[in-house]
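*Asks:* Please see the structure below; I have some questions.
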Amino acid sequence: MSEMPQKKEIKSAKKGLKPKKELKIAKRSALPPFLALEVMRKATELAQAGEDIVHLEVGQPSSSAPDAVNRAMMEALKKTPAHGYSVAFGVLPLRERLARHYAEWYDVRPHTDNIAVTVGSSTAFALAFLSAFDVGDKIALPTPGYPAYRNLMQGLGLQAVPLAAGPEQGWRPMLAEMENWAELPDGLMIASPSNPTGTVLEDSELAEICRWCDQHGVRLISDEIYHGLVYGKRADTALNYTKNAIIVNSMSKYFSMTGWRIGWMILPDDLVAPVEKLAQNLFISAPTPNQLAAIAAFDCTDELDAHCQRYGQNRDILMKGLPAAMLGGAAPCDGAFYLYADISAFSDNALVFAEGLLAGEQVAVTPGIDFDPDNGHRYVRLSFAGRTDDMHEACKRIHRFVEARRSDAA
Ligand SMILES: Cc1ncc(COP(=O)(O)O)c(C=O)c1O
9 MSEMPQKKEI
19 KSAKKGLKPK
29 KELKIAKRSA
39 LPPFLALEVM
49 RKATELAQAG
59 EDIVHLEVGQ
69 PSSSAPDAVN
79 RAMMEALKKT
89 PAHGYSVAFG
99 VLPLRERLAR
109 HYAEWYDVRP
119 HTDNIAVTVG
129 SSTAFALAFL
139 SAFDVGDKIA
149 LPTPGYPAYR
159 NLMQGLGLQA
169 VPLAAGPEQG
179 WRPMLAEMEN
189 WAELPDGLMI
199 ASPSNPTGTV
209 LEDSELAEIC
219 RWCDQHGVRL
229 ISDEIYHGLV
239 YGKRADTALN
249 YTKNAIIVNS
259 MSKYFSMTGW
269 RIGWMILPDD
279 LVAPVEKLAQ
289 NLFISAPTPN
299 QLAAIAAFDC
309 TDELDAHCQR
319 YGQNRDILMK
329 GLPAAMLGGA
339 APCDGAFYLY
349 ADISAFSDNA
359 LVFAEGLLAG
369 EQVAVTPGID
379 FDPDNGHRYV
389 RLSFAGRTDD
399 MHEACKRIHR
409 FVEARRSDAA
């Protein structure tokens, strides 16, 4: 076959012949690592070596997909068409169920033509950035925030401009800051509830952001992946306030289906055709059996709300049980399943703190620099999506760790 390397060529490569020119690796591929996953890799290695690790590093539910989804998957696998591609925007029954979900949860009715099923929300970001922005465009990014937004933007040649959303801003993006910039951004990316801070925007704040973006010609992307995971708050969709935003969501968090890789976008009319062409060429379709099975998840709210109640209990255990110094400057934690805790009383280097905690007490947490390269050295993110017993154990071990550091410093 013509594409196969010839034996002669392989031999010459073995002899160490130098190529005429160095093979190229794109500069834009030199992305920073996603530290949460690096910590998870180390923690998993230690667990495999027999260490008793408490995992607070990973942002994924410890529970599995609802039973009804697993059963629907078995049914989907019996149907021959389920083995093939779907159309790029996904199977119609799932898009219809998604449209109904918006009516039920938010009293808004998107058209199925505007709904695109994606391979998790992660590919939805790629589709959003590629369809709405050109190389060099600026996108304001509330910081601290989910690191993959920034890293993916860098990979696509976009400029992520940090928009402070730290303690001085009440952990939320302030529109006034952008008005002071020499140039307005082309886009604004928001997430409510936010990872890592758990900030939930009030409806009035969300409405104001949508209005501002529409007035200033700034394309809004609203990551709503943590909807359904709120503690005494309510998170509305940006779709209720603007027709121009790109809404992104996923089955990964509330629906407890991270590995199923099903997400979705609600697209403004002007981006339907561009996103469809990109999706056809980049991914063809999301996995068809998973799409068909996912439909059942929307009727499992009792089971899924029970998971959320457990996260709420886990949250309370951490809020009561962690050293007070870590909680005083912590972010609000009103949604998602993260506590962005302040470690500045114990260390000025979150990476060293996280490594020490893993090595010394076998508790895995994510250093804040993953979410905020400038100020994240003062914070670590603790995920409370895991088992309730683990939360008690984590508090005990973290107390022991910080006490030991205190006595070392004395
Ligand atoms: C804020 C946020 N958005 C998006 C994602 C990606 O989720 P997925 O690709 O599984 O839908 C995550 C994952 O942790 C996240 O925290």
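Each position in the sequence shown, counted from 1, maps to that position plus 8 in the working numbering. Using N, Cα and C, we set each Cβ at its ideal position, and we do this for glycine too. Quick caveat: nothing in here was measured; it's all calculated off a predicted structure.
Tell me, please, whether the region 239-249 touches the region 210-225 by the rule of three or more beta-carbon pairs shorter than 8 Å.
*Replies:* By the Cβ rule, the region 239-249 counts as touching the region 210-225, because three or more pairs are nearer than 8 Å.
*Asks:* So I198 is in the beta strand (DSSP E); what residue range does that whole segment cover?
*Replies:* 195-199
*Asks:* Is it buried or exposed, D278, if we count other Cβ atoms within 10 angstroms and call 16 or more buried?
*Replies:* exposed
*Asks:* Can we count T309 as close to ligand 1, meaning its CB is less than 7 Å from some heavy atom?
*Replies:* no
*Asks:* Buried or exposed, going by whether 16 or more other CB atoms sit within 10 Å of the CB of D313?
*Replies:* Looking at its Cβ environment, which holds fewer than 16 other Cβ atoms inside 10 Å, D313 is exposed.
*Asks:* Let me know if Q299 comes out buried or exposed under the rule of 16 or more other beta-carbons within 10 Å of its beta-carbon.
*Replies:* Buried is the call here.
*Asks:* Listed in chain order, which residues are found with a beta carbon closer than 6 Å to a heavy atom of ligand 1?
*Replies:* Each of G67, G128, S129, S130, Y154, A199, N203, D231, I233, S258, S260, T266, G271 has a C-beta closer than 6 Å to some heavy atom of ligand 1; these make up the full list, in chain order.
*Asks:* Rounded to whole angstroms, how far is the Cβ of P74 from the Cβ of E311, which I believe are closer than 8 Å?
*Replies:* 5 Å
*Asks:* Any contact between the region 332-339 and the region 125-138? By contact I mean 3 or more CB pairs, one from each, below 8 Å.
*Replies:* no
*Asks:* Compute the beta-carbon to beta-carbon distance between A107 and I123, rounded to the nearest angstrom, for a pair I have assumed lies under 8 Å.
*Replies:* Taking the Cβ atoms as the reference, A107 lies roughly 6 Å from I123, within the contact range of under 8 Å.
*Asks:* Rank N252, L100, H400 by C-alpha distance to the C-alpha of T120 and give the top, closest one.
*Replies:* Measuring from the Cα of T120, the nearest candidate turns out to be L100.
*Asks:* To the nearest angstrom, how far is it from the Cα of L330 to the Cα of F409?
*Replies:* Straight-line measurement puts the Cα of F409 at about 11 Å from the Cα of L330.
*Asks:* Between the C-alpha atoms of I270 and N257, what's the straight-line distance to the nearest angstrom?
*Replies:* 9 Å
*Asks:* For the beta strand (DSSP E) containing M442, name the first residue and the last one.
*Replies:* The structure shown does not extend to residue 442, since the chain spans only 9 to 418, so no value can be given for it.
*Asks:* Check whether the Cβ atoms of A393 and Q68 lie closer than 8 Å to each other.
*Replies:* yes
*Asks:* Near E284, what residues of its chain come up, given a Cβ to Cβ distance below 8 Å and the 5 sequence neighbours on each side ignored?
*Replies:* A96, F97, A124
*Asks:* For H224 and E187, what's the separation of their Cα atoms in angstroms?
*Replies:* Between the alpha carbons of H224 and E187 lies a gap of roughly 10 Å.
*Asks:* Cβ of D342 within 8 Å of Cβ of K404?
*Replies:* Taking 8 Å as the cut-off, the Cβ atoms of D342 and K404 do not count as close.
*Asks:* If you reduce the DSSP assignment to three classes, tell me which class I377 lands in.
*Replies:* Collapsing the DSSP output to three states places I377 in a helix.
*Asks:* Check each candidate in I61, P41, A38, E30 and name the one with the smallest Cα separation from A372.
*Replies:* Here the closest residue by C-alpha is I61.
*Asks:* So T396 packs on I325, CB below 8 Å; how close in whole Å?
*Replies:* About 7 Å separates the beta carbon of T396 from that of I325, a gap short enough to meet the 8 Å contact definition.
*Asks:* Go ahead and pull the three-state DSSP assignment for L326.
*Replies:* helix
*Asks:* Extract the residue ranges of the alpha helix (DSSP H) inside the region 58-138, only unbroken runs of 4 or more that lie entirely within it.
*Replies:* 75-86, 100-114
*Asks:* So for R395, helix, strand or coil by DSSP?
*Replies:* coil
*Asks:* Please state whether DSSP places R414 in a helix, a strand or coil.
*Replies:* helix
*Asks:* Once DSSP output is grouped into helix, strand and coil, what is the label at S230?
*Replies:* Strand at S230.
*Asks:* Where does A391 land, buried or exposed, given buried means 16+ other C-beta within 10 angstroms?
*Replies:* Reading off the sequence shown, one finds Ser at residue 391, where the question assumed Ala. Buried: at least 16 other Cβ atoms inside 10 Å.
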